[in-house]
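Notes follow once the structure below has been shown.
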Amino acid sequence: MPLICSQLSVFYGRRKALSDFELSMRRGEIRALIGPNGSGKSTALQALAGLLKPAQGQVTIEGVAVASMSRRAIARKLAFLPQQPSAPDEMTIAQLVRQGRFPHVGLFRTYDRKDEEAIEWALDCTGLTSLADRTLQELSGGERQRAWISAALAQEAGILLLDEPTSFLDIGYQVEVLDLVHRLSRERGVTVIMAIHDINQAIAVSDRISLLEKGELRFDGEPRALAESGLIEKTFRVKGRFVQVSPDNPPHFDVELTRLRQPEA
Ligand SMILES: Nc1ncnc2c1ncn2[C@@H]1O[C@H](COP(=O)(O)OP(=O)(O)OP(=O)(O)O)[C@@H](O)[C@H]1O
Ligand SMILES: [Mg+2]
163 MPLICSQLSV FYGRRKALSD FELSMRRGEI RALIGPNGSG KSTALQALAG LLKPAQGQVT
223 IEGVAVASMS RRAIARKLAF LPQQPSAPDE MTIAQLVRQG RFPHVGLFRT YDRKDEEAIE
283 WALDCTGLTS LADRTLQELS GGERQRAWIS AALAQEAGIL LLDEPTSFLD IGYQVEVLDL
343 VHRLSRERGV TVIMAIHDIN QAIAVSDRIS LLEKGELRFD GEPRALAESG LIEKTFRVKG
403 RFVQVSPDNP PHFDVELTRL RQPEA
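Residue numbering for the sequence shown follows the working numbering, starting at 163 and increasing by one per position.
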């Protein structure tokens, strides 16, 4: 198994942000991590990436404890795109994406053909080839997000952890990024865990879904079982229903917004 964790608990000071979290990823599996704001999605991803030390439990990559691995060793296996990554404004997209290769380049920082090809491929995948020489401060929010996705892709790790990778993207690029994730999983066997707010996108793209609420794992299973569980309405405190447009399509959550359109009393 590429990535496993069990009984993972994380504290910030004395406050518990994640409680007994567990998951087990097969090679090439796509998992969406959903849950309300503050439910622990980013905390879970950071713990899986070895950036937050759990108070309890452990994470293993291909059977090796993340806690025992160097940053570089982790980065060869796992690429992590944080929710709010930061880099100097004057850095160009090309430089940012080059940095994604750091776990592969040798001691003397020489980039070989394979590195250059990975960089070109990562830029192309996110539609940034023509913008490669622009600095980060010269980009729109969505272009910047694509630059970060590109840097994570250039790392060519077998495990991708993405924290809300589509939050700033227009609907066209949202679909493109989800499609890219799907292709990486199916064609290259990349294992993906992705925090995402759009329930329907989560259901459409994932093999399995983990639902967090207040740091606790409320659901771990297939999208259709989540749709049947009634947990979306309960956890997010909304009214709505799952509709099945056709047998070939995944169920679609239709959130009720009619209250917003009622005239004032
Ligand atoms: N660095 C931190 N120090 C202290 N508390 C934190 C820190 N980061 C997050 N928290 C708290 O931990 C809990 C989980 O936060 P986390 O960022 O994991 O939520 P999330 O599910 O990713 O939310 P969002 O959907 O808003 O991104 C929240 O109550 C949050 O306030
Ligand atoms: Mg978050």
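Where is the CB? At the ideal position from N, CA and C, for every residue including glycine.
Any heavy atom of ligand 2 within less than 7 Å of residue CB: hits in chain order
Lys203, Ser204, Gln245, Asp325, Glu326 and Ala357
Starting from Arg189, follow its DSSP beta bridges and name the residues at the other end.
DSSP output for Arg189 lists no bridge partner at all.
Anyone know if the C-beta pair for Lys178 and Gly377 falls short of 8 Å?
yes
Gln317 beta carbon less than 8 Å from that of Thr328
no
For His344, does the three-state DSSP call read helix, strand or coil?
helix
Return the bridge partner residues of Ser171 from the DSSP annotation.
Gln218
Since Ser181 sits in a beta bridge, which residues does DSSP pair it with?
Glu378
Return the bridge partner residues of Asp325 from the DSSP annotation.
Ala357
Counting along the chain, where does the beta strand (DSSP E) carrying Ala229 start and finish?
Premise fails: Ala229 is in no beta strand (DSSP E) and is neither H nor E.
Figure out for me which residue from Pro244, Phe173 and Arg189 has the closest Cα to the Cα of Ile321.
Arg189
Could you check whether the Cβ of Asn411 sits closer than 7 Å to any heavy atom belonging to ligand 1?
no
If you follow the alpha helix (DSSP H) that Leu207 is in, where does it begin and where does it stop?
Lys203 to Leu210
Can you check whether the CB of Leu323 is closer than 8 Å to the CB of Ala309?
no
Just mark Lys239 as buried or exposed, buried being the case when its beta carbon has 16 or more other beta carbons within 10 Å.
buried
Check whether the Cβ of Ala179 lies closer than 7 Å to any heavy atom of ligand 1, and answer yes or no.
yes
Starting from Gly402, trace the beta strand (DSSP E) in both directions and tell me its first and last residue.
Gly402 to Val405
If I measure Cβ to Cβ from Ile361 and keep anything under 7 Å in the same chain, skipping five residues before and after, which residues do I get?
Ile196, Ile394 and Phe415
Which residue comes first and which comes last in the beta strand (DSSP E) that contains Asp416?
His414 to Val417
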